[in-house]
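Notes for the one structure printed next.
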Amino acid sequence: MTTQVHRGDVIWVDFTLDAVGTEKQGFRPCVVVQNNGGNRAGVSTIVCTITDSRAYKGYSQQVLVPASELGPGGKDSVVECGQIRTIDIDTRMNQRLGVTSTLSEETMSLVNDALKASLALD
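The end of the sequence shown is residue 180 by the working numbering, with every number in the run present.
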């Protein structure tokens, strides 16, 4: 059964099998960026990877996220809106952990801006 996710949810995703080159690899947190209509209708979703805050370079496609928004054990991190992936929820998402947190509206507004910059939507 597919776990229901919502836009802004932080989930743990397994990228150990097929990442190549500079693609984010391993078991890592991601934020769901797909709209909720798409999340309700499908078994896949669209995510952006989250990485350690040391990777922050001030790029327009990066958003700093404080540890307090990432749930228990969270640390200061960066949403990489240039690392967008469509994932199968049942295959890729860690079902045991489920949704670990949900980013604030303020942070998601910054993610929206970073996605626009990354995809040249302005």
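Backbone N, C-alpha and C define an ideal beta-carbon position, used for all residues, glycine too.
Counting along the chain, no beta strand (DSSP E) covers L173; the unbroken alpha helix (DSSP H) around it starts and ends at 163–176. In this structure, the CA atom of V121 is about 24 Å from the CA atom of I147. Under the DSSP definition of a beta bridge, Q120 partners with E138. V68 and L161 have their C-alpha atoms spaced approximately 7 Å apart.
In the three-state reduction of the DSSP assignment, R98 falls in the helix class, which pools H, G and I. L179 and Q141 have their C-alpha atoms roughly 16 Å apart.
A straight-line Cα-Cα distance of about 16 Å links A113 and V169.
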